[in-house]
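Right, one structure below, let's go through it.
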Ligand SMILES: Cc1cc2nc3c(=O)[nH]c(=O)nc-3n(C[C@H](O)[C@H](O)[C@H](O)COP(=O)(O)OP(=O)(O)OC[C@H]3O[C@@H](n4cnc5c(N)ncnc54)[C@H](O)[C@@H]3O)c2cc1C
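In my numbering, the protein residues as written are 2 to 303.
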């Protein structure tokens, strides 16, 4: 039996259909990229474990996506299996003492809304980040002075061999847009956060304030992967790009947003090549004119 047929049999058992030659564009907020050999929207740790082990045994490449809001998929797509840790794996439990345990596919926005209803504070600044809890922990997502590191107390993950492990927040090496999961084959399956009791109205007002700031400043009406460049030490990418007169610069349908210079947006049919060419141009120009070295924030999936 071909490896893909074996995978399909496991998928049937765990009720997570396998899609062959699936376009990845549909699974990313940038709406860019080619297809993958197979895609599985996973629904349980056990199923994921079996699928990872089967891929490993057959030396088949695999990767994980959450909400696809921090990835740029190559035009050629991904030659391998993509596991989506998303909607089908998004349960949230509110435990005693402000502890909240989420399956990795839960969206930050949905969790933030749920904890608001319990008057739990700690996620106000994270609510507008359009990723999953797993994706957010992977890169220690943050905004408006807060980050995942402030609230995470532990997580469960599958290691490279598909074995389930538990890790504490302190062991995760969380720093600016980095964790011990970054660049590895570890798959985060659940995240536990410590929040604290607050006042419903105050939490709601703060959360809405951040969401309004996003709506006012970010080009949310166009596909993107959010901030395209990491914050360089001592400055801000958007400030530097703006200073260099690069707002509106474009290659094909990839454009430096005219609303927020830190975002590269897809104004129509941008390709991955367009985005990367534009980013190279921005990086070179900023280096030449200001001396700062910018670095891409989204993960490039090839
Ligand atoms: C409009 C917009 C605004 C944004 N604003 C912010 C912001 O304010 N702050 C910020 O930090 N980011 C921001 N982002 C970027 C993005 O939303 C975050 O990085 C988010 O945490 C990514 O989560 P995701 O589920 O979409 O991950 P994906 O994009 O699906 O994946 C990103 C990386 O994480 C890995 N990954 C995903 N899930 C898992 C998992 N369960 N286990 C292991 N690895 C996993 C993937 O393999 C990939 O390497 C923004 C993006 C957009 C489009």
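Beta carbons are placed, not taken as given, at the ideal position from N, Cα and C, and that holds for glycine. Quick caveat, the model's predicted, so the values are computed rather than measured.
Let me know the secondary structure DSSP gives residue i once reduced to three states.
i           : result
residue 264 : strand
residue 104 : strand
residue 41  : strand
residue 58  : helix
residue 64  : strand
residue 160 : coil
residue 219 : coil
residue 95  : strand
Measuring alpha carbon to alpha carbon, tell me which residue in the options is nearest residue i.
i           : options            : result
residue 302 : 9, 148, 25, 11     : 25
residue 1   : 32, 34, 175, 67    : As shown, the chain starts at 2 and ends at 303. That puts residue 1 outside it, with no answer to give.
residue 245 : 291, 130, 227, 228 : 291
residue 87  : 222, 2, 266, 44    : 44
residue 199 : 285, 120, 98       : 120
residue 286 : 250, 254, 187      : 250
residue 171 : 194, 161, 201, 239 : 194
residue 130 : 16, 295, 209       : 209
residue 109 : 149, 95, 227       : 149
residue 259 : 266, 143, 93, 248  : 248
residue 19  : 282, 264, 9        : 9
Can residue i and residue j be called in contact, C-beta distance under 8 Å?
i           : j           : result
residue 37  : residue 79  : yes
residue 152 : residue 132 : no
residue 34  : residue 74  : yes
residue 91  : residue 30  : no
residue 156 : residue 192 : yes
residue 105 : residue 190 : yes
residue 134 : residue 159 : no
residue 196 : residue 99  : yes
I'd like to know whether the C-beta of residue i is nearer than 8 Å to at least one C-beta of chain D.
i           : result
residue 107 : The chain inventory of the structure shown lacks chain D, comprising one protein chain alone.
What residues in its chain sit with their C-beta under 6 Å from that of residue i, if we drop five residues either side in the sequence?
i           : result
residue 219 : 261
residue 1   : In the structure displayed, the chain extends from 2 to 303; residue 1 sits before or after that span and is not available.
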